[in-house]
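Below is one structure; the comments refer to it alone.
Numbering (our numbering), first residue to last: 10 to 746.
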C-alpha cells in the first residue's frame, strides 16, 4: 500500500467487515480508504480495512472487480492505485482496489506476475514497490503489485520470507515496513514484504495477534496502521499489522525554576559508603508565583540508580522552613551533608510545579558529586517526568561460570520513577547492544517490575492493571533482566540503549538511556572457604535476590547444603545456629593485605530468627597493596582473631561463619571493592584460582555463578600475625548488611 505522507488527523479500522457496511462507515466518517484486504473466515469472504478522514482528495474503491474492468476505471478516473488485493473466486481472479486521482506521478501495476518478472519490471521502470500481495490460482502462486517511480529512496522487498529472517533483514537495513502480506506455503508461514530505509519514525510490526490486543496497542502506543491484513488460523481471526507512531509532543519542562549547585565527596568509608555535601540554590525566575508540588533530592549511582530520596520541604528536609510557593524572583539556598552507599556520582533533583494558570511542569536535573584530584563522573541523561536509570554507567559485561562453562553475562537492571503526580501507563521496554556496526542483541524486555516490600523484607512483583497502568503517581518500579550474550572476544566495549514507551495524560512519550558497555575482567583471588559450598546471590543475576542492587551486584553469599538442598540438619522449623552446616566454619583471607576494620562484638541472630533491634554485623575489611578492599560479613560473635593494623596473607583465618547483622541464617557474605577514577568505590567481580566444580573435575573460571563448587583453600600457616603502626585516618564502620 502507499505510505501516508503524514499521520492522519482521524482514522478508523475494522478487521472483519463486508463491503456494504464498510461503505456506510466511509460515508458516516467522510473517510478515504487506505488499505483494503480480503480473506475467507467461517466460509465467508470478508475484508480488513483501514481508512482516514478525507481532506479533499478525489478517490475511488471497488472490492470485487476483474482486472480489465479495474484498468478501465483507473483510465477513466485518471487514477493511481494505492492498495491492490487479489482474491480467487470460482477459479477467477478478482481485485479489491483503492485508487486516488493521480498527480502526475509515474506508476505501474500488475495483478498477475511472478517475482522474477516483477523484478525485471522494477529494474526497467526504476520503480519502488508500494503494495505487494500474493494469491494462488491454478495451483500456481502469483503476485499483485503496485509500484511508483523511485526518487532516491533506499528500499528492499522479499516475496517469500519467514518472520525471523524478515526481522533480521529489517534490522540489518535499518528499515521499516510499508507493505506486509502473510500467507501459508507448504504448511509454513511466509511473508511478502516491502520496506524502506527508516527516517527516524517509530514503528512496530506484529503478526498472529487478535483484534482486541491490537486495538489496545493502537491506543497505548499512540499509533496508526500503515498496513493491515487479516486471516483465519485454527478457526480464529488473526491479524498482521504494521503500525507507525504519531509524533510525540514535548514534555512540559519546568524552565522557570533555575537550579544551581555543587556536590562534594567528603569521606569514603572502608566498605565504599560515602558522605557527600550538597550546596543547592533554586530561584523562581518567572514574573508570577510558582508552587512546587514537591522537590526531592537523591544521591545516585553512575547509572542513575536511586536508593532513597530526601523530600526537601518535609521535616528535616533542606527547605523544611521554606514555603512550597515561591514568589517571583525568590531564591532558596541550602547546604546539607547526605550519606549514601557506594559509587554515588550525582545528586538527582526532581521537581513538579504548578504555575498561576494551573499548568503542570516537570524538572529533572543532575548535580555531579566531585572528588578532589579525581576525574568528573560521566553525565547521565535524565528526562522528566518518567525517570529511567540503570545500575551503573558504563554497563558491565562479566565472564561468569554458568552451567559448567564460562559465558559472557550482562545485566540490564535499574528502575523507573514516576515524578509526574499522575498515573503512567507503561507500553513497552526494550534494549539494544551494538558494537561498531554489529548488533549483539535487540530485544523487547518483559513488563516485569518489582519493589522492595518493607512488610515482607523482600522484592514484590508489581501488578499491571487492565489498562496497562503500572507506575502509579510517585511510584518506583525496579527491573532486572540478566542473560548470557555472545560478545565478540576481540571487542572490549559497545553501546547499550534502553528505551521505555509510556502514556501520560493521553499523550505517548519515550524516554531513552544510553550507556557505554565495558567488558570487566574479574580479579583473581583465593576462595575464602574450604570444601564444598553453595554459592548464591552471585553476579549472574537473572531474578531478584538479596544482592539485586548496585552496591551488592558482585557480592556472594556462601553456605553449605546436604543432598536434600537443606542448609541445616534439624527436623525443627526453628533450627538453632549450631544446626546449620556452615556455622562456625573458618573463613580465610582471599588476598594478602592489611586489616583496616574488624568487629566481632555483636550478638548473632538465632537460626531464622533475627534480633530486634537488629545490631550491625561482625565483619573484617582487608586493604590490599593496590588500594583494593575485600570485605567479609556476618562472622560469629567473638570469633575474629585479627585486629586493625595486622597484615594477613592469603589463606590466613579471619574468623568463623556466624549469623550477625542483617542475616537470614548463618552464612558468609563477601565482596571486593575497587576505586573508580572518579574517586569513589565500586563493587568488582572476582574469580578464584582454587575453585573447582562440585565433582572436582573442572576448574571454575570467571566469576562463579549460582551453584555448588569445591574450594581447595590455602590453609593458614601457624605463625604470629604482625602488627603495623598505621598512621592513617580510620574509616567509618560499614553500614549493616
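Cβ coordinates follow ideal geometry from the N, Cα and C atoms, glycine included.
- Query: Between the Cα of residue 268 and the Cα atoms of 288, 279, 177, 254, which residue gives the shortest distance?
  - Reply: On the chain shown, position 259 is the one that residue 268 refers to. The candidate whose alpha carbon is nearest that of residue 268 is 288.
- Message: I want to check one thing, is the minimum distance from the CB of residue 506 to the heavy atoms of the ligand FMN below 7 Å?
- Response: The ligand FMN is absent from the structure shown, which contains no ligands of any kind.
- Message: Nearest by alpha-carbon distance to residue 350: which of 689, 149, 714 is it?
- Response: As a position in the chain shown, residue 350 is number 341, starting the count at 1. Ranked by how close their Cα comes to the Cα of residue 350, the residues 689, 149, 714 have 689 in first place.
- Query: Enumerated in chain order, which unbroken segments of the beta strand (DSSP E) with a length of 3 residues or greater are wholly contained in the segment 308 to 380?
  - Reply: 340 to 349, 353 to 364, 369 to 379
- Hey, out of 193, 148, 158, 699, whose CA is closest to residue 168's CA? Within the chain shown, numbered from 1, the residue matching residue 168 stands at position 159. Comparing Cα-Cα distances from residue 168 to each of 193, 148, 158, 699, the minimum goes to 193.
- Close Cβ partners of residue 124 (< 6 Å) along its chain, the five nearest in sequence each way excluded: Counted from its first residue, the chain shown places residue 124 at position 115. Excluding positions up to five away in sequence, the list reads 168.
- Message: Within the continuous beta strand (DSSP E) that includes residue 47, where are the two ends?
- Response: Numbered from its first residue, the chain shown carries residue 47 at position 38. Going by DSSP, residue 47 is part of the beta strand (DSSP E) stretching over 40 to 50.
- Message: Taking the straight line between their C-alpha atoms, what separation do you get for residue 592 and residue 659?
- Response: One-based indexing of the chain shown puts residue 592 at position 583. One-based indexing of the chain shown puts residue 659 at position 650. C-alpha separation (whole angstroms): 22 Å.
- Nearest-angstrom Cα separation, counted from residue 711 out to residue 443: Within the chain shown, the letter at position 434 stands for residue 443. Within the chain shown, the letter at position 702 stands for residue 711. So the two alpha carbons sit approximately 23 Å from each other.
- Message: Is it buried or exposed, residue 691, if we count other Cβ atoms within 10 angstroms and call 16 or more buried?
- Response: As a working note, residue 691 is residue 682 in the chain shown. Residue 691 is buried by the Cβ-count criterion.
- Indicate the three-state DSSP secondary structure (helix, strand or coil) for residue 222 in the structure shown. Along the chain shown, one-based indexing puts residue 222 at 213. Helix at residue 222.
- Query: For residue 614, which three-state DSSP category applies?
  - Reply: Indexing the chain shown from 1 puts residue 614 at position 605. Note: residue 614 maps to coil in three-state DSSP.
- Between which two residues does the alpha helix (DSSP H) carrying residue 504 extend? Your numbering for residue 504 matches position 495 in the chain shown. Note, residue 504: premise wrong, no alpha helix (DSSP H); beta strand (DSSP E) at 502 to 513.
- Message: Ignoring anything shorter than 4 residues, give me the alpha helix (DSSP H) runs that lie fully in the segment 145 to 208, in order along the chain.
- Response: Taking only runs of at least 4 residues, the alpha helix (DSSP H) segments lying wholly in the segment 145 to 208 are 172 to 182.
- Task: Can you tell me the Cβ-Cβ gap for residue 550 and residue 620, rounded? I've got them flagged as a contact below 8 Å.
- Result: For the purposes of this step, residue 550 is taken as residue 541 along the chain shown, with counting starting at 1. For the purposes of this step, residue 620 is taken as residue 611 along the chain shown, with counting starting at 1. Residue 550 to residue 620, Cβ: 29 Å. No contact.
- Query: Any idea what DSSP makes of residue 388, helix, strand or coil?
  - Reply: Here residue 388 corresponds to residue number 379 of the chain shown, with the count starting at 1. Here residue 388 sits in coil by DSSP.
- Would you kindly work out how many angstroms separate the C-alpha atoms of residue 83 and residue 508, rounded to a whole number? Here residue 83 corresponds to residue number 74 of the chain shown, with the count starting at 1. Here residue 508 corresponds to residue number 499 of the chain shown, with the count starting at 1. Going by the C-alpha atoms only, they are around 45 Å apart.
- Counted within 10 angstroms of its Cβ, other Cβ atoms place residue 15 as buried (16 or more) or exposed: The residue you call residue 15 lines up with position 6 of the chain shown. It counts as exposed.
- Query: DSSP on residue 590, reduced to helix/strand/coil?
  - Reply: Within the chain shown, numbered from 1, the residue matching residue 590 stands at position 581. Coil.
- Name the two residues that bound the continuous alpha helix (DSSP H) containing residue 120. To locate residue 120, count along the chain shown from 1; it is residue 111. Residue 120 -> not in any alpha helix (DSSP H); beta strand (DSSP E) instead, spanning 116 to 122.
- Over the uninterrupted alpha helix (DSSP H) stretch that includes residue 76, give me the two end residues. As a position in the chain shown, residue 76 is number 67, starting the count at 1. 76 to 86 is the extent of the alpha helix (DSSP H) around residue 76.
- Task: Could you tell me the distance, in whole angstroms, from the CA atom of residue 634 to the CA atom of residue 514?
- Result: The residue labelled residue 634 in the question sits at position 625 within the chain shown. The residue labelled residue 514 in the question sits at position 505 within the chain shown. Residue 634 and residue 514: Cα-Cα distance of roughly 56 Å.
- Task: Give the C-beta separation of residue 405 and residue 529 to the nearest angstrom, bearing in mind that I take them to be a contact with Cβ-Cβ under 8 Å.
- Result: The residue given as residue 405 occupies position 396 in the chain shown. The residue given as residue 529 occupies position 520 in the chain shown. With a Cβ gap of about 5 Å, residue 405 and residue 529 count as contacting.
- Query: From residue 253 to residue 155, what distance separates their C-alpha atoms?
  - Reply: Position 244 of the chain shown, counted from the first residue, corresponds to residue 253. Position 146 of the chain shown, counted from the first residue, corresponds to residue 155. Cα-Cα distance, rounded: 21 Å.
- Query: residue 441 lies in the beta strand (DSSP E); which residues open and close that run?
  - Reply: Here the question's residue 441 lines up with position 432 in the chain shown. Residues 433 to 444.
- Item | Whether residue 372 touches residue 360 by CB criterion (8 Å) | Your numbering for residue 372 matches position 363 in the chain shown. Your numbering for residue 360 matches position 351 in the chain shown. The answer is yes: Cβ separation under 8 Å.
- Task: Quick one: residues in its chain with C-beta nearer than 7 Å to the C-beta of residue 137, no 5 flanking neighbours on either side, listed in chain order?
- Result: The sequence position of residue 137 within the chain shown is 128, counting from 1. These residues qualify, in order along the chain: 156, 157, 159, 162, 164.
- Query: Can you tell me the Cα-Cα spacing of residue 561 and residue 275, whole angstroms?
  - Reply: The sequence position of residue 561 within the chain shown is 552, counting from 1. The sequence position of residue 275 within the chain shown is 266, counting from 1. Cα to Cα, the separation comes out at about 22 Å.
- For residue 19, which residues from the same chain have a beta carbon less than 7 Å from its beta carbon, with the 5 sequence-adjacent residues on both sides left out? Here residue 19 corresponds to residue number 10 of the chain shown, with the count starting at 1. Once the five neighbours on either side are set aside, the close Cβ partners of residue 19 are 61, 62.
- Message: Using a 10 Å radius around the Cβ and a threshold of 16 neighbouring Cβ atoms, would you call residue 92 buried or exposed?
- Response: Here residue 92 corresponds to residue number 83 of the chain shown, with the count starting at 1. Result: buried.
- Query: Cβ of residue 220 within 8 Å of Cβ of residue 188?
  - Reply: The count along the chain shown starts at 1 and reaches residue 220 at position 211. The count along the chain shown starts at 1 and reaches residue 188 at position 179. Result no, Cβ atoms of residue 220 and residue 188 do not sit closer than 8 Å.
- Query: Tell me which same chain residues have a C-beta within less than 6 Å of the C-beta of residue 30, skipping the five on either side of it?
  - Reply: Against the chain shown, residue 30 aligns to sequence position 21. Excluding residues within five positions, none has a Cβ falling inside 6 Å.
- For the candidate residues 334, 196, 601, 645, whose alpha-carbon lies nearest to that of residue 303? Position 294 of the chain shown, counted from the first residue, corresponds to residue 303. The option with the nearest alpha carbon to residue 303 is 334.
- Message: Please classify residue 257 as buried or exposed, where buried requires at least 16 other C-beta atoms within 10 Å of its C-beta.
- Response: Walking along the chain shown from the start, residue 257 turns up at place 248. Exposed, by the Cβ-count rule.
- In the structure shown, what three-state DSSP assignment does residue 643 receive? The residue labelled residue 643 in the question sits at position 634 within the chain shown. Coil at residue 643, not helix or strand.
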